[in-house]
Every structure is written in C-alpha cells, then in structure tokens.
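Encoded as structure tokens, the structure appears first; notes follow it.
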Amino acid sequence: MNHEQDSTPSCAEDRRKQLRQLQHDIKTHLGIITMGLHALEGARNEPETFDEIIKMINTSGAEPLKEIVSEILKIACSD
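Residues in the sequence shown are numbered consecutively from 6, following this note's numbering.
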C-alpha cells in the first residue's frame, strides 16, 4: 500500500480541523476589534480610557490576527 495514500486522508482531516479552529479564532479577534472600535466612540473625551482601549484592540485583536495569517500561510504552503 502506498504510504502517501495512507497519510493523505489524515493530513487532509488535520488541515480541515486546523482551518476550522483558525476560522473560529479569526471571528473571535475580529469581534474584539469591532467591540473595541465601538468602545472608542464613547471614550473620545477620556484620553486614558481611549489609550487603554487602543492597547486592548492591538494586543487582543490585531496582533493575534497577524499570527493567524502566518499560520494560514504555513498551512497553505505546506502542500
């Protein structure tokens, strides 16, 4: 039996699982960014709060999204 044939279904399933998890993670981090942007509207006149929200958007939203994009590229290029 061909080793490639044995590993292909498992590899394909692993890839699907990874992509489903990444899809969930993307939605989570986009939600953080969206909520943060809405919160910024209410914090316009509060510089300290405004800065805290910007930091949260970056550390909990944008930076993790950058990592997810890198993971997606690794998965796409691994074939």
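We treat Cβ as the ideally placed atom computed from N, Cα and C, and that holds for glycine.
Membership of ALA67 in any alpha helix (DSSP H) is not indicated, and neither H nor E is assigned to it by DSSP. A residue is called buried when at least 16 other Cβ atoms come within 10 angstroms of its Cβ; GLY41 meets this threshold and is buried.
Using a C-beta cut-off of 8 Å, the stretch 46-61 makes no contact with the stretch 13-28, since fewer than three inter-stretch Cβ pairs fall below that distance. Within a 10 Å sphere around the beta-carbon of HIS34 sit 16 or more other beta-carbons, which makes this residue buried. Judged by DSSP in its simplified three-state form, GLU51 adopts coil rather than helix or strand.
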